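Protein chains in written order, with this note's numbering: chain X, 35 to 368; chain A, 831 to 1120. Each residue gets a CB set at the ideal place from its N, CA and C atoms; glycine is no exception. In this text, all values refer to a predicted model and were calculated from it rather than measured experimentally. First the structure, in the form of structure tokens, and then the observations on it.
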Amino acid sequence: MLGDSAIKAINLTKRYGPILAVDHINFEVKYGEVFGFLGPNGAGKTTTIKMLTTVTRPTEGTALVGGYDVVKQPAKVREVIGVVPQDFTSDEDLTGWENLMMIAGLYGIPKREAKERAAELLDLVELSHAADRKVETYSGGMRRRLEIAMGLINRPRILFLDEPTLGLDAQTRAAIWSYVFKLKEQLGTTIFVTTHYLEEADQYCDRIAIIDHGRILAIGTPRDLKKTVGGDVVMLQVAGNPEAAVKVLQSIDGLSDVRIVEGFIRFKVNDGSKAAPLIFDVLSKAGIRVTSIAIKEPSMDEVFMEYTGHSLRDEWGSREEVMAMRRIVRTARR
Amino acid sequence: MASNPLHGLWTLTNRELKKWYKAPVVLIVTLIQPIVWLAFFGKSMNMASIFTNGSINIPGLNIPKQIIDQIAQAYLKSTFGTTDYFSFLAASMVAQITFFTAMNSGMSIVWDRRLGVLDKLLTTPVPRGSIIMGKVLNSVLRSLAQATIVLIIATLLGMKFNTSLTPLGFALSIVGVYAALTLLALGFSALYLTLALRSTNWQSQMAIINLLNMPLMFASNSFYPIKMMPWWLRPVAYINPLTYVNDITRGLLLGISAFSIPMDFFYLALFAMIFSTMGIVLSWRFLSEG
Chain X
35 MLGDSAIKAI
45 NLTKRYGPIL
55 AVDHINFEVK
65 YGEVFGFLGP
75 NGAGKTTTIK
85 MLTTVTRPTE
95 GTALVGGYDV
105 VKQPAKVREV
115 IGVVPQDFTS
125 DEDLTGWENL
135 MMIAGLYGIP
145 KREAKERAAE
155 LLDLVELSHA
165 ADRKVETYSG
175 GMRRRLEIAM
185 GLINRPRILF
195 LDEPTLGLDA
205 QTRAAIWSYV
215 FKLKEQLGTT
225 IFVTTHYLEE
235 ADQYCDRIAI
245 IDHGRILAIG
255 TPRDLKKTVG
265 GDVVMLQVAG
275 NPEAAVKVLQ
285 SIDGLSDVRI
295 VEGFIRFKVN
305 DGSKAAPLIF
315 DVLSKAGIRV
325 TSIAIKEPSM
335 DEVFMEYTGH
345 SLRDEWGSRE
355 EVMAMRRIVR
365 TARR
Chain A
831 MASNPLHGLW
841 TLTNRELKKW
851 YKAPVVLIVT
861 LIQPIVWLAF
871 FGKSMNMASI
881 FTNGSINIPG
891 LNIPKQIIDQ
901 IAQAYLKSTF
911 GTTDYFSFLA
921 ASMVAQITFF
931 TAMNSGMSIV
941 WDRRLGVLDK
951 LLTTPVPRGS
961 IIMGKVLNSV
971 LRSLAQATIV
981 LIIATLLGMK
991 FNTSLTPLGF
1001 ALSIVGVYAA
1011 LTLLALGFSA
1021 LYLTLALRST
1031 NWQSQMAIIN
1041 LLNMPLMFAS
1051 NSFYPIKMMP
1061 WWLRPVAYIN
1071 PLTYVNDITR
1081 GLLLGISAFS
1091 IPMDFFYLAL
1101 FAMIFSTMGI
1111 VLSWRFLSEG
């Protein structure tokens, strides 16, 4: 039974005690699409995946996955999906091969077929050489690849990847994405992936949803999202009080959305390189000295900032905040 | 696909068993405790020699040693049902190893949760009840294997079986003992797994194990008959399933039973059924979060 869309979230909501982890979100993912969920840690990405993969029950709303309702038909959903959770889930005491065969058994795949698929998948993720080694001897990248193979053993129509590249080096990250791409191209698998790496979302996803504080702020192709930012983004630093500079800049025609973001004055303008001399002029007349200027075509970072009002990159620094948030959520779950 | 729920159950049981037979160290370690009880305690706490060590001499009374021995035998027989305390103790050790193995099954679900394995299992079509029952089944099979080893060691150390048993009778008795142990392992591992369903903390699980372990051991007929207990302890012993397994083991292997063996089985079957059902039902509710 194929519905119109692979995934359809309808007012999907999850509340942990006082915290609204996911707040009435609605979106659709088409078959064959790589759909990215982009947001900082604690934005509700993992909670969304957990609801879509029937691990956690929504507090409110529901979602159709592969045409089945995650609340009413969780068993049906589980048969058509593959999941690669954020944490490593393979059994360290078993070998890579045994892990794959175990998961195959849970899907009720006959042994002979399971062996064929396991061999095929190990080949795909380039782990054939390590098949008979215990998983505890694997490196992080190898474990992640094994997880992906485990998520594919049932030939899912829809694959969920929760931060598949988290904590991996750049080279392994690129390799993981190339496997994901292979899946899409060769098997036509629909892929739902969460990430907080902007470049990855930009480069590999057909469409992206930006999520922050449990809410979807924008959905679209990377290109469309960048277009909505409109024109170039200029970042200025001035000697002295930036507030005064902002006032001056706001009076200039053609400049929009002037504000201070993390010590920089940020604004948008149609053609940054042409506007720059004029801006210098106006500011120096007002007695304000520019110390630095950067003109950027909008990147996903700008897109993210546009919608959320803060940079995603800074989220990486505030680990304490993230950990504190996680602790709260965990306590609330008990 | 996955229309047969038993398929996943066996896969999960096999996974647990694999870890066990691939790491014999675990097996050896779990065997140490009953062996210590048997070899150290059982061999030293020699009731017969307490009474018959020949040094009893009550001034003024010249009781012949023979009579003292007879009195001692009579006391032992009336207390333990046999003059051979070692065999009395050894028979209870098979239940004890089963009990210990079952207790630890709760730990494995805590680890599965911590290591993320459980998260993965929950996304597969395997029934939630199978996740629990796979662990229960593993614990049953492990218990039976370990009980066999304990029984062999006990025999080597001098456990004496009911001499009136024919070879066939003995074989049937062993089957009966295994049946009792299966029920005990089913009930206790389901109970401990249920207690661990939501836990992510192995320390608290250990605490629960230690809290229940000693009291259940001592509030049973494992080391002494119930009639020797103070009145307030007896009700606990009568509820304790260990008591009934011990009664079956002693009844079948030694020929000394305090209750009726069919009633013992009935009670154990009830115990196993209630806690297995509870485990399966609650796992549907509580295994996944939220």
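If you run the structure through DSSP and keep just helix, strand and coil, what is residue i?
i, result
"X:Asp166", "coil"
"X:Asp127", "coil"
"X:Ala153", "helix"
"X:Arg353", "For X:Arg353, the pLDDT reaches just 48, beneath the cut-off of 50, and the residue's location in the model is therefore unreliable, although a value from the coordinates is still provided. X:Arg353: helix per DSSP, three-state reduction."
"A:Gly838", "helix"
"X:Ser290", "strand"
"X:Gly254", "strand"
"X:Arg368", "Because X:Arg368 sits at a pLDDT of 41, beneath the cut-off of 50, its placement in the model cannot be relied upon, and the following sentence gives the value as read from the coordinates. In this structure, X:Arg368 counts as coil in the three-state DSSP scheme."
"X:Ile242", "strand"
"X:Phe226", "strand"
"A:Val1005", "helix"
"A:Tyr1053", "Looking at the sequence shown, residue 1053 of chain A is not Tyr but Phe. It is coil, neither helix nor strand."
"A:Ile1078", "helix"
"A:Val956", "coil"
"X:Val159", "coil"
"A:Met831", "For A:Met831, the predicted structure reports a pLDDT of 42, less than 50, and the residue's modelled location is therefore unreliable. A value from the coordinates is still provided. Correct three-state label for A:Met831: coil."
"X:Arg249", "strand"
"X:Leu36", "Because X:Leu36 carries a pLDDT of 49, less than 50, the predicted location of this residue cannot be relied on, and the following value inherits that uncertainty. X:Leu36: coil per DSSP, three-state reduction."
Following the continuous alpha helix (DSSP H) through residue i, name the residue where it begins and the one where it ends.
i, result
"X:Asp266", "Careful: X:Asp266 lies outside any alpha helix (DSSP H), inside the beta strand (DSSP E) at Asp266 to Val272."
"A:Phe1101", "Ile1091 to Phe1116"
"X:Val282", "Pro276 to Gln284"
"A:Pro1045", "Trp1032 to Phe1048"
"A:Ile1086", "Careful: A:Ile1086 lies outside any alpha helix (DSSP H) and carries neither H nor E."
"A:Tyr1068", "Arg1064 to Ile1069"
Cβ of residue i within 8 Å of Cβ of residue j?
i, j, result
"A:Val1005", "A:Val924", "no"
"X:Gly70", "X:Ile192", "no"
"A:Thr1073", "A:Ile1056", "yes"
"X:Glu181", "X:Val118", "yes"
"X:Thr228", "X:Lys79", "yes"
"A:Thr931", "A:Thr860", "yes"
"X:Tyr141", "A:Thr843", "no"
"A:Met937", "A:Gln1035", "yes"
"A:Thr912", "A:Ile1078", "no"
"X:Leu54", "X:Thr96", "no"
"X:Lys330", "X:Val267", "yes"
"A:Ala975", "A:Leu868", "no"
"X:Pro256", "X:Asp236", "yes"
"X:Val169", "X:Leu128", "yes"
"X:Leu156", "X:Ala148", "no"
"X:Val272", "X:Ile322", "yes"
"A:Gly1109", "A:Leu1023", "yes"
"A:Leu1083", "A:Ala977", "no"
"X:Leu232", "X:Phe338", "yes"
"X:Gly265", "X:Val214", "no"
"A:Gly872", "A:Leu839", "no"
"A:Ile939", "A:Lys965", "yes"
Is the beta carbon of residue i within less than 7 Å of some heavy atom of the ligand COA?
i, result
"A:Leu842", "Here there are no bound small molecules, and the ligand COA is not part of this structure."
Return the first residue and the last residue of the beta strand (DSSP E) that residue i is part of.
i, result
"X:Lys302", "Phe298 to Val303"
Q) Counting only runs that start and end within the segment 39-124 of chain X, where is the alpha helix (DSSP H) found for 4 or more residues in a row? A) 79-86 and 108-114
Q) At which residue ranges does the segment 310-342 of chain X contain complete beta strand (DSSP E) runs of 3 or more residues, listed in the order of the chain? A) 324-330
Q. For the segment 840-916 of chain A, which segments carrying the alpha helix (DSSP H) assignment without a break, of at least 4 residues, lie completely within its bounds, in sequence order?
A. 854-866, 877-882 and 895-910
Q.
Quick check on the DSSP output: what are the complete alpha helix (DSSP H) runs of length 4 or more inside the segment 184-229 of chain X, in order along the chain?
A. 204-216
**Q.** Members of the segment 87-99 of chain X near chain A, C-beta cut-off 9 Å
**A.** Thr87, Thr88, Val89, Thr90, Arg91, Pro92 and Thr93
Q. If you measure beta-carbon to beta-carbon, which residues of the segment 994-1028 of chain A are closer than 8 Å to chain X?
A. Arg1028
Q: Could you please tell me which residues of the segment 935-951 of chain A, in chain order, have their CB closer than 9 Å to any CB of chain X?
A: Asp942, Leu945, Gly946, Val947, Leu948, Asp949, Lys950 and Leu951
Q: Would you list, in chain order, the members of the segment 843-877 of chain A that have their beta-carbon closer than 9 Å to a beta-carbon of chain X?
A: Asn844, Arg845, Lys848, Lys849, Lys852 and Ala853
Q: Could you run through the segment 137-170 of chain X and flag, in chain order, every residue whose CB is less than 9 Å away from some CB of chain A?
A: Ile137, Ala138, Gly139, Leu140, Tyr141, Gly142 and Ile143
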